[in-house]
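Below is one structure, written out as structure tokens; comments come after it.
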Amino acid sequence: MPRRTILSRAFYEHPPDAVARALLGKLLVRRFERRILAGRIVETEAYFGLDDPAAHAFAGKTKRNAVLFGPPGFAYVYFIYGMHFCLNISCEPEGQAGCVLLRALEPVEGIAAMTQLRGLAQHGSSRLIASGPGRLCQALGITRETHNGIDVTSSRSGLHIEDDGWLPPEIAVTPRVGIRKAAERPLRFAMAGSRFVSR
DNA sequence: GGAGCGATGTCCT
DNA sequence: GGACATCGCTCCG
1 MPRRTILSRA FYEHPPDAVA RALLGKLLVR RFERRILAGR IVETEAYFGL
51 DDPAAHAFAG KTKRNAVLFG PPGFAYVYFI YGMHFCLNIS CEPEGQAGCV
101 LLRALEPVEG IAAMTQLRGL AQHGSSRLIA SGPGRLCQAL GITRETHNGI
151 DVTSSRSGLH IEDDGWLPPE IAVTPRVGIR KAAERPLRFA MAGSRFVSR
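At position 8 of the first sequence the residue is numbered 8 (my numbering), and the sequence of numbers has no breaks.
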């Protein structure tokens, strides 16, 4: 069993495309009702700040997106389309508003609990448990109320990211999904060939 | 397996 | 008032 270490704040203090790429293969770990829910990150997207029309931070700092302008390594959770949450991790030094959207996980631990949180049949495929940003949040029980603004570099937060030494063999780079503005920029990163990548 | 579409709350103009 | 970093269902091939 290889040693697992929690990613430190320095890991996130870089441009979002670099962090998005580096997060592939890491483990997103959530403590939930005394159990551990965890999955390997297989898909991410990078969002910049004032120079990225697709980013929430593009129009400047507001009450909703304030976390993005703070220090790196904090969760930015927002509510979208009236029913879904999306989880981002802030990056770049304080004052710069980059972030990484976590889009899909390969479930690793706590699969029965994640299946239940998703409302799926217990013995079905695990492919759809966390393949998409809304599904990922539902599978881990992540909401804006419970997780926006928490520090993901602390083991006490109940949500953090670990490195167990595993590295993805091949990374595919494509345009980002579901956006209208700046839709051509290649800022989506995925583990090539993974069944757990969305759409 | 893919296109079309409705559901639904929050934020900013 | 409109847009929205989505999902799951239908209908069609």
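Built from N, CA and C at the ideal position, the CB exists for glycine as well.
{"Asked": "Option nearest PRO71 by Cα separation, candidates ILE6, ALA97, GLY39, LEU23", "Found": "ALA97"}
{"Asked": "Rounded C-alpha distance that separates LEU37 from LEU68", "Found": "25 Å"}
{"Asked": "Cβ pair count under 8 Å reaching 3, the stretch 111–118 against the stretch 43–53", "Found": "no"}
{"Asked": "Counted within 10 angstroms of its Cβ, other Cβ atoms place TYR81 as buried (16 or more) or exposed", "Found": "exposed"}
{"Asked": "DSSP state of CYS99 mapped onto helix, strand, coil", "Found": "strand"}
{"Asked": "Contacting residues, own chain, Cβ-Cβ under 8 Å from ARG156 (five flanking each side not counted)", "Found": "none"}
{"Asked": "Distance between beta carbons of ILE6 and GLU162, contact taken as under 8 Å", "Found": "6 Å"}
{"Asked": "Chain-order list of residues whose beta-carbon lies under 8 Å from that of ARG4 (same chain, five-residue window excluded)", "Found": "LEU27, GLU162, ASP163, ASP164"}
{"Asked": "Simplified DSSP assignment, three categories, for GLY134", "Found": "helix"}
{"Asked": "Burial state of PRO93 (16 or more Cβ within 10 Å)", "Found": "exposed"}
{"Asked": "Where the alpha helix (DSSP H) through ALA162 begins and ends", "Found": "A small fix is needed here, since residue 162 is Glu in this sequence, not Ala. Looking at the DSSP string, GLU162 is not in any alpha helix (DSSP H); the run it does join, the beta strand (DSSP E), is 159–163."}
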